[in-house]
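FYI, in our numbering the residues of the sequence shown are 4 to 395.
For every residue, glycine included, the Cβ atom is placed at its ideal position computed from N, Cα and C.
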Amino acid sequence: MTTSSALTTRQLWTRTRGIALAVVVLLVGAVAIAVVRSQTKHGDLDPRSADPRGSRAVTELLADRGVTTRLVTTLDAARAAAGPDSTLLVAVPDRLTHHQQSLLAKATASSDGRTVLVAPGDWSVGRLAPGVTASPVTTLKPTLDPDCTLPEARRAGSAETGGIRYRTTVDHADACYPSERRATLLRLPATSGTGDTVLLGAPDILLNNRLDKQGNASLALQLLGSRPHLVWYLPSLADSSATGTGGRKSLFDLLPPGWLWGTLQLFVAAVLAAFWRGRRFGPLVPEKLPVVIRASETTEGRARLYRKADARDRAFAALRSTARTRLAPLVGVPATQAHTPEALLPALSARLPDSGEQALHSLLFGAPPRDDAALIALTDRLDALEREVRRS
């Protein structure tokens, strides 16, 4: 009768079901995250997107009023499209580098068109809207009243502009929808010409799922429909102008900002982990054995280790050292000089005149044995020497 060593289907399932369950959980989690992200993050402020956070609805309403919308994703296209008959909307100004912001500000300053900046923060206002400072959101109230003389705001009435708040030193600026005495919608006239710049503290009035709330639609259509053409600029991370050269990027240019500090932090963490998991420094700490071990067992155990490692030299060195330690007090030699030939051998020769100092030196300090038989023979000679010294 023979027994097969192959696993049955049941045994295989029992052994692998834990791994299979973990893989299924990971896949389900990945799909769930992908679905959630696709529902909440896809197409933010994208004029082609019908998602809740997209902006297709406002462009459709503008098209009904004869305003054309053009989507651009590069700085060069946005600069080329700026003109007196166009409104340039910058969807995410804080995504632009300082170099890109400076180039965009030069292009719009003399265009005589309108520039709409959606929720620009401290990173952007210094270059795209000189003379303006931004403050973070401090109130949870999104709907605010116009409280200004700007015609577009007065006609729209209350709107969901509550977000980043602005303060300016520019003359003749329109500060609307104030929150804690700072505007959440700010219109800055150009220093020359008929152009202007509008800062929106929040993107809500442009989103599909918020357009029908309060006066959001009216305010959005008036701000974006003042010119026959709307250029919708969605900054892209793939834009070559982000490097400031316009040419091909090097490997370091493709790395995100702060990668050097991130790498340094990982290195420090690795060093700390090495110290945490590495060997402890300092002397060994003695511990009490849980049981008492007889000396004979310890001796036999060490002997077996020496034999397994074929370490005859170490075994005989230990035997010689022990023999010298026991012989020294018998012949009147201090323990500190027991392993010194000049002190031990003359005392032994005086005690055993027939042994000869040369033979004693070979026995106690000579070369290690060549084989096991020689090791046993030398062991017997050491025992005999010790017995003879004790009898003399």
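Drop a sphere of 10 angstroms on the beta-carbon of residue i, count the other beta-carbons inside from all chains shown, and report buried for 16 or more, exposed for fewer.
{"i": "SER235", "result": "Correcting the residue type first, residue 235 is Trp in the shown sequence and not Ser. Answer is buried; the Cβ neighbour count reaches 16."}
{"i": "ASN219", "result": "buried"}
{"i": "GLN104", "result": "buried"}
{"i": "GLY250", "result": "Because GLY250 carries a pLDDT of 49, less than 50, the predicted location of this residue cannot be relied on, and no value is offered for it."}
{"i": "SER89", "result": "buried"}
{"i": "ARG82", "result": "buried"}
{"i": "GLU163", "result": "buried"}
{"i": "VAL34", "result": "exposed"}
{"i": "GLN268", "result": "exposed"}
{"i": "ILE208", "result": "buried"}
{"i": "THR11", "result": "exposed"}
{"i": "ARG157", "result": "exposed"}
{"i": "GLY21", "result": "exposed"}
{"i": "LEU24", "result": "exposed"}
{"i": "ALA122", "result": "buried"}
{"i": "THR302", "result": "exposed"}
{"i": "GLN217", "result": "buried"}
{"i": "THR19", "result": "exposed"}
{"i": "SER365", "result": "exposed"}
{"i": "THR325", "result": "exposed"}
{"i": "LEU381", "result": "buried"}
Does chain E have any CB closer than 7 Å to the CB of residue i?
{"i": "LEU224", "result": "Judged by its chain identifiers, the structure shown contains no chain E, having just a single protein chain."}
For residue i, which of helix, strand or coil comes out of DSSP?
{"i": "ASP174", "result": "coil"}
{"i": "PRO96", "result": "helix"}
{"i": "THR11", "result": "coil"}
{"i": "ARG394", "result": "helix"}
{"i": "ASP199", "result": "strand"}
{"i": "THR266", "result": "helix"}
{"i": "ARG18", "result": "helix"}
{"i": "ARG25", "result": "The amino acid occupying residue 25 in the given sequence is Ala; Arg does not appear at that position. Helix, per DSSP."}
{"i": "ASP168", "result": "Correcting the residue type first, residue 168 is Arg in the shown sequence and not Asp. Residue state, collapsed to three classes: strand."}
{"i": "ALA273", "result": "helix"}
{"i": "SER244", "result": "helix"}
{"i": "SER105", "result": "helix"}
{"i": "THR90", "result": "strand"}
{"i": "THR6", "result": "Unreliable positioning characterises THR6 in this predicted model, as indicated by a pLDDT of 43, which lies under 50. The coordinate reading is nonetheless provided below. Correct three-state label for THR6: coil."}
{"i": "LEU237", "result": "coil"}
{"i": "GLN225", "result": "helix"}
{"i": "ARG184", "result": "coil"}
{"i": "LEU378", "result": "helix"}
{"i": "ARG117", "result": "strand"}
Pop quiz: residue i and residue j are said to be a contact at Cβ under 8 Å. What is the actual Cβ separation, rounded to whole angstroms?
{"i": "THR111", "j": "THR100", "result": "Actually they are not in contact, since the Cβ atoms of THR111 and THR100 sit about 17 Å apart, beyond 8 Å."}
{"i": "GLY116", "j": "ARG230", "result": "6 Å"}
{"i": "PRO145", "j": "TYR180", "result": "That pair is no contact at about 10 Å."}
{"i": "ARG327", "j": "HIS342", "result": "6 Å"}
{"i": "LEU120", "j": "ALA132", "result": "7 Å"}
{"i": "PRO344", "j": "PHE319", "result": "Between PHE319 and PRO344 the Cβ distance is about 16 Å, and since that is not below 8 Å, they are no contact."}
{"i": "LEU65", "j": "LEU233", "result": "6 Å"}
{"i": "ALA1", "j": "GLY166", "result": "Any property of residue 1 remains undetermined from this structure, which presents the chain solely from 4 to 395."}
{"i": "PRO238", "j": "VAL95", "result": "6 Å"}
Open item on the list: Just to confirm the assignment: which complete beta strand (DSSP E) runs, minimum length 3, are found wholly within the segment 42–86?
Closed with: 71–75
Task: Within the segment 279–354, ranges of the alpha helix (DSSP H) (whole runs, at least 4 residues) - done: 298–311, 315–333 and 344–354
Open item on the list: Could you tell me which whole beta strand (DSSP E) segments of length 3 or greater appear in the segment 120–163?
Closed with: 135–138
Open item on the list: Whether or not the segment 289–306 and the segment 345–354 are in contact is what I'm after, with contact meaning three or more pairs of Cβ atoms, one per stretch, closer than 8 Å; do they touch?
Closed with: no
TODO: Give a yes or no on contact between the segment 18–33 and the segment 68–79, applying the rule of three or more CB pairs nearer than 8 Å.
DONE: no
Task: Segment contact flag, the segment 210–218 with the segment 178–197, C-beta cutoff 8 Å, min 3 pairs - done: no
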